[in-house]
Amino acid sequence: MKLFINLIFAAVTCVAMQSTTVAQEASAEKQCCSKEAGTDMSGDVKLAMAKLPKMGYMVAGESACCLGSAEAMAKSKSAPVEYVVGDDKFETKQAAYTSLVEQTEAMVEAFVTPCKCEVSGVTSIAGTKCNCPVKAGETTELVKKAISGIQMAYAVGDETCHCPTKAKEMAEAAGVEKSYVVNGEKTSCELTARLNLARSKYRAAVTAMVAQNQQAEQTETTGT
Numbered sequence: 000m001k002l003f004i005n006l007i008f009a010a011v012t013c014v015a016m017q018s019t020t021v022a023q024e025a026s027a028e029k030q031c032c033s034k035e036a037g038t039d040m041s042g043d044v045k046l047a048m049a050k051l052p053k054m055g056y057m058v059a060g061e062s063a064c065c066l067g068s069a070e071a072m073a074k075s076k077s078a079p080v081e082y083v084v085g086d087d088k089f090e091t092k093q094a095a096y097t098s099l100v101e102q103t104e105a106m107v108e109a110f111v112t113p114c115k116c117e118v119s120g121v122t123s124i125a126g127t128k129c130n131c132p133v134k135a136g137e138t139t140e141l142v143k144k145a146i147s148g149i150q151m152a153y154a155v156g157d158e159t160c161h162c163p164t165k166a167k168e169m170a171e172a173a174g175v176e177k178s179y180v181v182n183g184e185k186t187s188c189e190l191t192a193r194l195n196l197a198r199s200k201y202r203a204a205v206t207a208m209v210a211q212n213q214q215a216e217q218t219e220t221t222g223t
């Protein structure tokens, strides 16, 4: 299990790591810890989720733990808040949030996509490496199945569809804005929806791999 988690962390590290409103984002930050604590995830999945890109804050070269703290520091130091995502720094929250979404999407796409080294014949996918084509194929199908049901939906009033073009037509006809829905979570911000989609796919893939690894360990232990 430790080897599996280390491989996940290595895969995450190798990939390069606008919001609706500032008030909404600040509220989300305040709820982050309590929401995560109440999520039904194994320790291994939580560890993997913690490696996803996140937004940080700096003021005058000093890190802040949250936006509220950063704003207080900015006021006391008469200095602007810098928004940090990975190795990149931004002057505005909108630019940083856009980068957060793009970096998360890129990391997740690389994580769930099999990559075969033509020299060694080793296939890497979802934090694992395998030189057996059959096993690599099975793992690829496992990950593909895990994320297949996670899609973006669009809500217009009480109606929901999976076609953005149809959703736009429905919204125009009804004279309302469409919402984006991922795993039952609704938002009016497309960027937030994209972030939710990427994170949900990553969590599903990691959960499937952890379950497979636990089953393999149990088989080795019991011999059945």
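In this text, residue positions in the sequence shown follow numbering that gives the first Met the number 0: the first is 0, and each later residue adds one. For glycine and all other residues, C-beta sits at the position ideal for the given N, C-alpha and C.
Item                                                                                                                                                                            : Value
Quick check on this structure: which residue in A109, V111, K134 has the alpha carbon closest to the alpha carbon of V121?                                                      : K134
Is the CB-CB distance between V142 and V107 below 8 angstroms?                                                                                                                  : no
Suppose you measure from the CA of R198 to the CA of T103; what does that come to, to the nearest Å?                                                                            : 8 angstroms
Given a threshold of 16 other Cβ atoms within 10 Å of its Cβ, counted over all protein chains shown, does A125 qualify as buried or as exposed?                                 : buried
Please report how far the alpha carbon of P79 lies from the alpha carbon of G148, in whole angstroms.                                                                           : 42 angstroms
Please classify N130: is it buried, with 16 or more other beta-carbons within 10 angstroms of its beta-carbon, or exposed?                                                      : exposed
Around the C-beta of C188, are 16 or more other C-beta atoms found within 10 angstroms, so that it is buried, or is it exposed?                                                 : buried
Using the C-alpha atoms, what's the distance from E70 back to M48?                                                                                                              : 27 angstroms
Would a C-beta distance cut-off of 8 angstroms place L194 and V83 closer than the cut-off?                                                                                      : no
Assess contact between the stretch 174-181 and the stretch 143-163, defined as three or more Cβ pairs (one per stretch) separated by less than 8 angstroms. Is contact present? : yes
Quick check on DSSP: helix, strand or coil for D87?                                                                                                                             : strand
Identify the continuous beta strand (DSSP E) that holds M54 and give its terminal residues.                                                                                     : 54-58
Exposed or buried, K167, counting other C-beta atoms within 10 Å across all chains shown (16 or more means buried)?                                                             : exposed
Could you work out which residue in A215, E61, A203, C64 is closest to S41 when comparing CA atoms only?                                                                        : A203
Taking the continuous alpha helix (DSSP H) assigned at S98, which residues delimit it?                                                                                          : 92-111
Do you know how far the Cα of V44 is from the Cα of T139?                                                                                                                       : 19 angstroms
Indicate the three-state DSSP secondary structure (helix, strand or coil) for V80 in the structure shown.                                                                       : strand
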